[in-house]
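Remarks on the structure that follows.
Number of protein chains: 2
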Amino acid sequence: MAEQKKSTGLNLKDVAIHEGFWGKYVQLVRNTVIPYQWEALNDRIPDAEPSHSLRNLRIAAGEEEGQFGGLVFQDTDPYKWLEAVGYSLAVHPDPQLEKVADELIDLIGRAQQEDGYINTYYTVKEPGNRWTNLLECHEMYCAGHLIEAAVSYYEGTGKRKLLEIACRFADYIDSVFGPEPEKLKGYDGHEEIELALAKLFKVIGNERYMRLLTFLMDERGKKPYYFIEEWKKRGGISHWQKGVSSEPDMAYNQAHKPVREQMEAVGHAVRAVYLYTAMADMAALTGDERLSTACRTLWDNIVNKRMYITGGIGSTYQGEAFTFDYDLPNDTAYQETCASIGLIFFANRMLKLEPHGKYADVMERALYNSVISGMAQDGKRFFYVNPLEVLPEACMKDPGKRHVKPVRQRWYGCACCPPNISRLLSSLGGYIYTTNENTIYTHLYINAEAKMQIGGGGVTIVQESSYPWDGEIELLLKEVPGCEFNLALRIPGWCPDAQVDVNGERVDLAPIVHNGYALIARTWRTGDAVSLKLKMPVEFIQANPLVRADAGKVAIQRGPLIYCLEEADNGSGLSGIKLDTGCVPEATFDPSFFGGAVIISGDALRDDNSDWTNSLYRPLTVRAGKAFKFKAIPYYLWANREMGEMQVWTRYR
Amino acid sequence: MAEQKKSTGLNLKDVAIHEGFWGKYVQLVRNTVIPYQWEALNDRIPDAEPSHSLRNLRIAAGEEEGQFGGLVFQDTDPYKWLEAVGYSLAVHPDPQLEKVADELIDLIGRAQQEDGYINTYYTVKEPGNRWTNLLECHEMYCAGHLIEAAVSYYEGTGKRKLLEIACRFADYIDSVFGPEPEKLKGYDGHEEIELALAKLFKVIGNERYMRLLTFLMDERGKKPYYFIEEWKKRGGISHWQKGVSSEPDMAYNQAHKPVREQMEAVGHAVRAVYLYTAMADMAALTGDERLSTACRTLWDNIVNKRMYITGGIGSTYQGEAFTFDYDLPNDTAYQETCASIGLIFFANRMLKLEPHGKYADVMERALYNSVISGMAQDGKRFFYVNPLEVLPEACMKDPGKRHVKPVRQRWYGCACCPPNISRLLSSLGGYIYTTNENTIYTHLYINAEAKMQIGGGGVTIVQESSYPWDGEIELLLKEVPGCEFNLALRIPGWCPDAQVDVNGERVDLAPIVHNGYALIARTWRTGDAVSLKLKMPVEFIQANPLVRADAGKVAIQRGPLIYCLEEADNGSGLSGIKLDTGCVPEATFDPSFFGGAVIISGDALRDDNSDWTNSLYRPLTVRAGKAFKFKAIPYYLWANREMGEMQVWTRYR
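Residue numbers (the numbering used here), protein chains in the order written: chain A, 1353 to 2005; chain B, 1353 to 2005.
What follows is the structure in structure tokens.
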């Protein structure tokens, strides 16, 4: 049965995540993270940097006296929180939470200006200066998060109030920006509104939003560059530098070239993947082949040349940015949590554009490693930066590593990452499957019951496994229509050997695996059971030799999980450990380790330092080193015990 | 014959450096560098950043209209140039050069204010604000360089005019700073005046300068901190940040503790070693044992924990500073040329305080590696930063490596390093020997004829060798007094085996080598010939395992020279090379390589990248690699050919 391209996601309401690896996270987000973040938005977390964001809304609404607080884009924090709440309410109604959210929405409504504009910074602090610094001041970035929140809350609760607020703002933006001679020809310095407009268009169906998206997308990269003209008009004044800045670098905002001509992932990593996500959205909506090609090229550039093994991106903290091909330093990595989340958005949209296991592989890689590493196991502390190698002393004493924190923080002045994790995890049900007319794609193995439509009929699939701790996944088709359709099961790129049985009968995979999916075509019956066995050995992974930072080193991977060594298990001086890659490490499930996790241990050698006295250099004496048993834990669990060294890439012999 | 402590240097006029490794440099400085730098000071080098410094002097003297140009301490450039000229004239009279220098001195005299003050920045730009920002504005740092220039020029030419100018300024400073209640209790943010005052005191013998030095030294570290009080008085305004800055970090200026209590080398590396140099000067002048002890502790901290193998210091460009023990990153190293020079000053003073080979070893290490790497072989291009690993693309595309230049620059806006190299190399004759009543210490092996006094009589020693290309050194005693004295020959720390013959007769070294010197006591005769053979094998050097950046790597050393691999000889992808430390590399003198140099070659393996397709990560396949013949050149010669990769530390097997 022929496979069709393009697919769509499921309605979040139709996916119930069950107990298991992700069930725990979904519950944590619902029970702890969302309430905790509400406290943070209200500046009620002791020892944490205040958010100021609700106070800003009250001041903008004229209900409180005071100064604007926080960063120019502080409004996005409550918007992202509302978005997460919308997702959570979709699958888990909670009248009390809904009441709190409704009140926040009312406040946002009161902070909205007569003409539809909302932005507490400009309303409170620079009322006359709207749209004078698109480069740096992120008004459309804030608008984008408002729109995403509105769509989520509408889909989760059916309530239209926030959607109407968002539409009024979008309509106002459309009255300011556009091809008509009297309108501004600008676009945002921090992309986000583009993917939000694509969502709004899909919900509302108003062509106006599609036109605005197209306009914003197509202006990017036109000469003379809008940001440079705008910067000249401002007299070169920079919002961040509080003085005259040098001429803006267009590549930093992905505005150096028209989007269809962009071939390399450049500049601020989060902005980049938010833009590419919207490009893929637009390509799917319009069928624009040049846009799809640009998306594929950018995807390949990221994944084959600029991505950490943990699925994170952004090699430098200076500008939170991409640098160049194969430049992936471990100890100064930025790998912002938000950038990994943005890469998941991009992967998700590429999967809808053209299902291919390579997108789902990266989605899974980021999800299991660089995204959830961003949050402590208690849901109350967060990493903004996710390094692959840490020496706590360096974080304090090397100014080039000050961005690296050896322990997760309670909240950040720029708190983009914590609510980004909540909104991703609370909408995780939407990432498991996509469908088109005749195929159900299974991208992620997550315990859940999901309802979907195929060939005009309803299908309900229940997944059950201990994934990622083992690779044995059961899929039960609880409800099926009477027609033939394809069930496409992703065979992960990391998996050396997979096996599928349908109702106990082995399926020959060789002829049916294409583009990373085993496509099982049949007339399914209610009660059909599909059993997938993904072999999950411990693998020592090497990096492309062009990655200088990883030369002579390996990482440890098992299934989708990347492992790391921590000082808590291996003592200090991790750079002195050499893994014995000739041995087969042991993988053991430890039920007591943060709710249960597979721990890996194996043979290594450790530099013998006992004959070093107080000196720095001496002629080499080759010594075998001491036998040592290393212990590795999943990367996402690092820094949940005492502060110490950590590393992902380790020397080997 | 018992050895005495403390020794003094020779008069520069009494040392003639001959043809040979250093003769070439001394000539280059005289014939090229000094004239070239004069052009630079006059802003006449095309494509180079202007110096502004002579123009600033003319403006301050009221002889030209215009604005102050350059950095707040721009005056030091002509001062350092004059200091180099003074040294050069001492050994090589040049009436035309002396005339140019005399005219510059006249100009400096005209720029001096009535009360003795000289500083073109404050005179031209902020006449009312003298001494209001000692932390950042370096008025005493400039004064120090003026004093050093004056002493050099006086000793080189016998002319007192600049010395008088300097004394008037020093007298004025003494009238402003001091223990008397009406005087300021400050000290400079950038140490330098301290070591200059020690020199001035030694030349002039005026106790006033010794008292001023003592005052400035003893105030440092007292509470309440002068710099913080001063910063408060300025309303927190920073000269560099052009706005309010955060509270100054006292450790950055070595002002966090009284100098006698400082145990770790911290803060700005050049400032630190300039301070420690002055501390050693003062300890020698006063016999202050607590000061000597602090000097020894700081020395050990640098050399055993914070120094690159090339003798450079400063692990981070942020603040050009020390970071913490064993933190010696290669690709982001700062290792400023000036800091290596400062370390040589410190070593030189420690040698005078207490002759010990460990000081001379480091002096030699810095001199042959991180100092002369700072200047191109044509004497016209300079490095400010001396990295130990370079990928040119990273210098351009990784903001964290923007300080690293893959090619030497013509001149710098902050041009502290080029004239610092000239002044060191033109005074190099002063670093070879020190003497005390009964011992001549030979610290460096440099072809030269040197006259000195011992036991009341004159000694003339002629050194002759091909050092550092081989270790066979001949010392001829051309003139000796009739008394017994010790000739102390340094046996370098890098040397595994040394041999000494006097007039063809072998000397048993075992009983006479102490603290790194072979002490040969005898009644010397005119014509006595000492032959020293230092075995100079190629060594693979390993770093202390606590240096994470060098884990699993070795450097190549032969004699005092550290070697590096360059792309020009080894192709790109140097991180993929593994040296075979089981083989004995070949050392070959190549007479055509930049005037002749020993090149090292040997066996290595190189990662075979041929089976890597367009991907970043894959399971490890252990492959032996391809046999490869590596070629290493002396580090100081790097970046004299086409731009390319370079590395000092290489993987090995």
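Glycine included, each C-beta is placed from N, C-alpha and C at the ideal position.
Taking the Cα of Glu1613 (chain B) as reference, the smallest distance to any Cα among B:Val1622, B:Phe1892, B:His1620 and B:Ala1603 is reached at B:Ala1603. Per DSSP, Pro1533 (chain A) lies in no alpha helix (DSSP H) and is assigned neither H nor E. The beta carbon of Glu1745 (chain B) sits closer than 7 Å to some beta carbon of chain A. Proximity to Val1756 (chain A) across A:Ile1773, A:Phe1734 and A:Leu1777 peaks at A:Phe1734, based on C-alpha coordinates. Shown here, Pro1430 (chain A) sits in a helix according to DSSP, grouped into three states.
Straight-line measurement puts the Cα of Glu1491 (chain B) at about 7 Å from the Cα of Trp1483 (chain B). If you draw a straight line from the Cα of Gly1807 (chain B) to the Cα of Lys1710 (chain B), it is about 26 Å long. Within the stretch 1794-1837 of chain A, the runs of beta strand (DSSP E) at least 3 residues long that lie entirely inside it are, in chain order, 1800-1806, 1809-1817 and 1824-1831. The stretch 1806-1821 of chain B and the stretch 1855-1869 of chain B do not touch, with fewer than three beta-carbon pairs separated by less than 8 Å. For Arg2003 (chain A), the chain B residues whose C-beta falls within less than 8 Å of its own C-beta are Ala1903 and Gly1904, listed in chain order. If you draw a 10 Å sphere on the C-beta of Glu1789 (chain A), you find fewer than 16 other C-beta atoms in it, and that means exposed. Our two residues, Asp1395 (chain B) and Leu1449 (chain B), have alpha carbons roughly 18 Å apart in a direct line. Counting along the chain, Gln1389 (chain A) sits inside the alpha helix (DSSP H) bounded by residues Ile1386 to Leu1393.
Taking a contact as a CB-CB distance under 8 Å, the pair Tyr1493 (chain B) and Phe1425 (chain B) counts as one, their CB atoms being some 6 Å apart. Lys1930 (chain A) carries a strand assignment under DSSP once its states are collapsed to helix, strand and coil. Annotated as distal: Asn1721 (chain A) and Ile1951 (chain A), with beta-carbon spacing of 7 Å or more. Minimum Cα-Cα distance from Ala1870 (chain A) among the listed residues A:Met1715, A:Ala1368 and A:Asp1860 corresponds to A:Asp1860. For Gly1954 (chain A), no alpha helix (DSSP H) encloses it; the enclosing beta strand (DSSP E) starts and ends at Ala1949 to Arg1958. In this structure the stretch 1875-1895 of chain B touches the stretch 1931-1939 of chain B; the number of beta carbon pairs closer than 8 Å is three or more. Beyond the five residues adjoining it in sequence on each side, Pro1531 (chain A) comes within less than 7 Å, by CB distance, of Phe1567 in the same chain, given in chain order. Listed along chain B, no residue sits closer than 9 Å to Tyr1988 (chain A) by beta-carbon distance, the nearest being about 17 Å off. For Trp1964 (chain A), the chain B residues whose C-beta falls within less than 7 Å of its own C-beta are Asn1896 and Pro1897, listed in chain order.
For Gly1726 (chain B), the closest alpha carbon among the candidates B:Leu1777, B:Arg1754 and B:Ala1903 is that of B:Leu1777. For Gln1894 (chain B), no alpha helix (DSSP H) run applies; the uninterrupted beta strand (DSSP E) run containing it begins and ends at Val1890 to Ala1895, by DSSP. The criterion of a C-beta distance shorter than 7 Å is satisfied by Val1852 (chain B) and Leu1884 (chain B).
For the C-beta of Thr1933 (chain A), the chain B residues within less than 7 Å are, from N- to C-terminus, Leu1972 and Val1974. In this model, Gly1923 (chain B) and Glu1741 (chain B) are separated by some 15 Å (Cα to Cα). Across the set A:Gly1781, A:Tyr1505 and A:Ala1728, the C-alpha of A:Ala1728 shows the shortest separation from the C-alpha of Val1759 (chain A). By the Cβ neighbour-count rule, Ser1667 (chain B) is buried, with 16 or more other Cβ atoms within 10 Å of its own. As DSSP reads the structure, Lys1978 (chain A) sits in a beta bridge with A:Arg1958.
Gly1996 (chain A) places its beta carbon 7 Å or farther from that of Arg1958 (chain A). Here Gln1999 (chain B) is buried: its Cβ has 16 or more other Cβ atoms, across all protein chains shown, within 10 Å. Closer than 7 Å to the CB of Gly1752 (chain B) there is at least one CB belonging to chain A.
Residue environment for Thr1428 (chain A): buried (at least 16 other C-beta atoms within 10 angstroms of its C-beta). Around the Cβ of Thr1675 (chain A), a 10 Å sphere holds 16 or more other Cβ atoms; the residue is buried.
Here the C-alpha atom of Ile1872 (chain B) lies approximately 5 Å from the C-alpha atom of Leu1839 (chain B).
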